[in-house]
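Enquirer: Let me give you the structure first, and then I'll get to my questions.
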Amino acid sequence: MKKSDESAQLLTGVYHDDWAGGVTADFARQAATMARQRQARRKRHFATTLAIAAATALLLSVNHQSDPSVISKLPSEAPPAEIPGYEIISDEQLVAELRDQAILIIPNGEGGTKIVIVGN
Amino acid sequence: MEQSASDIVTLTQGLSDGREEAWQRFHLQYGPRIFRHLLAATRGNYDLSTEGLQQTYLRVARYARPCSSESEFLAWLRTVTQSALRDLWRRQGTIRRLLDRFLAQTDSPSVAPATEEVLFFALDQAMAELDESDRALLTAKYLRDESMADIARRLSLTTKAVESRLTRARLRVRARIDACLASHSHEKI
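Protein chains in written order, with our numbering: chain A, 1 to 120; chain B, 1001 to 1189.
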């Protein structure tokens, strides 16, 4: 061991007998706990913000679809040769499908919106 | 030996995430360095240095960010440590000024901080002034990492007796370091 390393080790021991397990180790544990709590708060804040944004966009989208001028543009029935790329479901079915998942409501540039389910 | 860049990234990310193993590694590898810096800056003030260590750790927990090299991490750590100490001094100064106003005493002059070189010099002086047996005891415990039980067996003493002798030796060394730093209080080597 280098002389400077020896002196450093001796100095630490003289002032804090049990560096690895004593009161200074408690400081490290306390700081680790604080860091974890901060991370958890950050994640909760992000999830809450995302949920509010999604709910707001969904509400706007539902209001837009309830406009009669929009409904009249929807085809009353799909042409027999085509398979529709969507299925119209009720609000209750949508909430049941989403459960606790976060969603993104993205405008599609044509006055409508596209819903994307964000993975966990 | 300097840590690799990936080790430092892993460590600093772990500190930010609050991972126990990262904090334990940080405490063992970097804690003593932080404490020495505080001890030098406070001229051997054990209480202030210990409190400074705690405050530094809390700041690291709050502001830790991934660093790409050890030198970058050490520079950031120095800044955080100095900031923690300044806040403690400021708080102490406020309390002291309140007390001084109360007791109508003049402020004691502030003492320039020492360097780690002065601290190590003081340690060498203190160790040289110890009895051979106390010196051997400290060396066995902190440099050779011998357990209390092994030391007690070797010296034909009880563990309790060894603990008492070790505590007295440590206090003697700390007192000598304090005296040495006080006598060099006007110097900054």
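The beta-carbon is built from N, C-alpha and C at its ideal position, and this holds for glycine as well. These figures come from a predicted structure and were not determined experimentally.
Are L1181 of chain B and G1044 of chain B touching if we call contact CB-CB under 8 Å?
Expert: By one-based count along the second sequence, residue 1181 of chain B stands at place 181. By one-based count along the second sequence, residue 1044 of chain B stands at place 44. Cβ atoms of L1181 of chain B and G1044 of chain B: closer than 8 Å.
Enquirer: Among B:D1017, B:V1162, B:W1023 and B:L1143, which one has its Cα closest to the Cα of A1149 of chain B?
Expert: By 1-based counting over the second sequence, the position of residue 1149 of chain B is 149. Nearest of B:D1017, B:V1162, B:W1023 and B:L1143 to A1149 of chain B, Cα basis: B:V1162.
Enquirer: I need the DSSP call for L104 of chain A, collapsed to helix, strand or coil.
Expert: Counted from its first residue, the first sequence places residue 104 of chain A at position 104. Reduced to three states, the DSSP call for L104 of chain A is strand.
Enquirer: Helix, strand or coil, according to DSSP, for I89 of chain A in the structure here?
Expert: In the first sequence, the residue the question calls residue 89 of chain A occupies position 89. Residue state, collapsed to three classes: coil.
Enquirer: Between which residues of its own chain and A8 of chain A is the CB-CB distance below 6 Å, once the five residues before and five after are set aside?
Expert: Start at 1 with the first residue of the first sequence, and residue 8 of chain A comes out as number 8. Same-chain partners within the cutoff: there are none.
Enquirer: Applying the criterion that 16 or more other CB atoms from any shown protein chain within 10 Å of the CB defines a buried residue, is V116 of chain A buried or exposed?
Expert: Position 116 of the first sequence, counting from 1, holds the residue named residue 116 of chain A. With fewer than 16 Cβ atoms within 10 Å of its Cβ, V116 of chain A is classed as exposed.
Enquirer: Give me the Cα-Cα distance between Q37 of chain A and T48 of chain A, rounded to the nearest whole angstrom.
Expert: What you label residue 37 of chain A is simply residue 37 of the first sequence in a count that begins at 1. What you label residue 48 of chain A is simply residue 48 of the first sequence in a count that begins at 1. Those two C-alpha atoms are separated by around 16 Å.
Enquirer: Hey, does D1017 of chain B have any beta-carbon neighbour from chain A nearer than 8 Å?
Expert: Numbered from 1 along the second sequence, position 17 holds the residue referred to as residue 1017 of chain B. Answer yes: the Cβ-Cβ gap between D1017 of chain B and chain A drops below 8 Å somewhere.
Enquirer: Identify the residues that DSSP records as bridge partners of K114 of chain A: which are they?
Expert: Here residue 114 of chain A is taken as the residue at index 114 of the first sequence, counted from 1. Bridge partners of K114 of chain A: A:I106.
Enquirer: Which residues of chain A have a Cβ atom closer than 7 Å to the Cβ of Y1142 of chain B, listed in chain order?
Expert: By one-based count along the second sequence, residue 1142 of chain B stands at place 142. Neighbours of Y1142 of chain B on chain A, chain order: Q9, L10 and G13.
Enquirer: Would you kindly work out how many angstroms separate the C-alpha atoms of I52 of chain A and W19 of chain A, rounded to a whole number?
Expert: The residue given as residue 52 of chain A occupies position 52 in the first sequence. The residue given as residue 19 of chain A occupies position 19 in the first sequence. Their backbone Cα atoms lie some 47 Å apart in a straight line.
Enquirer: Name, please, each residue of chain A whose Cβ falls closer than 9 Å to the Cβ of E1002 of chain B.
Expert: Sequence index remark: in the second sequence, residue 1002 of chain B carries index 2 (1-based). Residues of chain A passing the Cβ test: none, with the nearest at roughly 14 Å.
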